[in-house]
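Counting in full-length UniProt numbering, the sequence shown tops out at residue 304, every number present. Where is the CB? At the ideal position from N, CA and C, for every residue including glycine. On a predicted model such as this, the values are computed, not experimentally measured, just so you know. Reviewing the structure listed below.
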Amino acid sequence: MKDKNPLQLTPDPMDRMADGTIKQRNPLTGTQVWTVTSRGNRPHFHREVVTEPAPLLQPSDFTNTCAFCTDRYFDTPPEKSRLVKGLDAKFHKIEGLPAASMQDMVAEFRRIPNLFEIVSYDYWHENHNHYPTEAQNRRMADYLASAAGYDHVLHVVKMRLEASGEDHLETIPDDALLQYATGLFAGGHDVIVARRHYVDGATRADQNASAGTLSVAEHRAYIGYTIATLQDLYKLNPAVKYVTAFQNWLRPAGASFDHLHKQLVAVDEYGVQIEAEAARVAADPAILPPNPALCDAPTNDDSG
């Protein structure tokens, strides 16, 4: 058998996890790269030919251009929560909506599981004995108990399997499909999606709604909601060491959709940058203030 570590480097620069994830660390720089094969199945549209001038928009484009748009809530996994704007002009968080109520109100921001996770539920389950909490199990049971929720979960599971090249989905029994449902309710990779695909009043398809087009109140709510999600993901499993938050803006940067969203991923290791930062803070604690107040996260009764 070929030695996978012929130089006998310690620690081994390549580690294959129980779920198939491959972790590689450059022994010279410490840079880490994780290879997750299932991520290759997510939607890719990067090779589309850009036309000049950009196409004119139709009214339906504002709500139905991609899976993150407001008319397509059922093309994403069951949401964990959303922020809605009340008559008081404040942002209010609503958690655990049943599928039948999904379209009753427009979400300004939604927290949804990533259908194509970087660090999957299976990763946490197989490597860290991770199981859903009682609250997550109850949420999943309640959601699947309704016809709309049951159909929604099967729909997104089939979307994922179809993207991975699975054939003859119509022959797979529901019980087998539902085995994939747990990760939709107990995973550690979430997406925070903003409402708009295009700016209000846009006429062309190149007038996307970026973070810079949000109002001050919207931006504050968005960042606060992201911070609250980050804090929550640290509670996913005792093995969580870090939650990374990032934003790929537009397809050339790696986004699946040209729709404003942030991603948060719980991981079980510190990256080389965090390790270096920790060393600097240990050497000079005054670099960071003792209690930095970045932003107040909105709650059920808070405004943005």
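Residue i in three-state terms, based on DSSP
i, result
"D174", "helix"
"L80", "Residue identity differs from the one stated: residue 80 is Lys in this sequence, not Leu. DSSP places K80 in coil when its eight states are reduced to three."
"H46", "Below a pLDDT of 50, predicted positions are generally treated as unreliable, and H46, at 45, falls in that range; the measurement from the model is reported next regardless. Reduced to three states, the DSSP call for H46 is coil."
"P113", "strand"
"I118", "coil"
"R160", "helix"
"V106", "coil"
"V199", "coil"
"H259", "coil"
"N129", "coil"
"L264", "strand"
"L87", "coil"
"L57", "coil"
Bounding residues of the beta strand (DSSP E) (the contiguous stretch that carries residue i)
i, result
"E95", "91-95"
"I22", "22-25"
"D15", "14-16"
"T133", "T133 -> no beta strand (DSSP E), and no H or E assigned at all."
"T35", "32-35"
"D190", "189-194"
Whole-angstrom C-beta distance between residue j and residue i, which should lie under 8 Å
i, j, result
"A186", "P132", "4 Å"
"H219", "H259", "No, H219 and H259 are not in contact; Cβ-Cβ is about 16 Å, not under 8 Å."
With 16 other Cβ atoms within 10 Å as the buried cut-off, status of residue i
i, result
"D25", "One detail in the question is off: residue 25 reads as Arg in this sequence, not Asp. The residue in question, R25, is buried, as its Cβ has 16 or more Cβ neighbours within 10 Å."
"G86", "exposed"
"P77", "buried"
"F246", "exposed"
"Y234", "exposed"
"K80", "buried"
"K262", "buried"
"T35", "exposed"
"N114", "buried"
"N208", "buried"
"M105", "exposed"
Terminal residues of the alpha helix (DSSP H) in which residue i lies
i, result
"I287", "Where I287 is concerned, there is no enclosing alpha helix (DSSP H), given that its DSSP letter is neither H nor E."
"G165", "Premise fails: G165 is in no alpha helix (DSSP H) and is neither H nor E."
"L184", "182-186"
Quiz item: Whole beta strand (DSSP E) runs in the segment 210-254 with 3 or more residues, listed along the chain?
Solution: The qualifying runs are 242-246.
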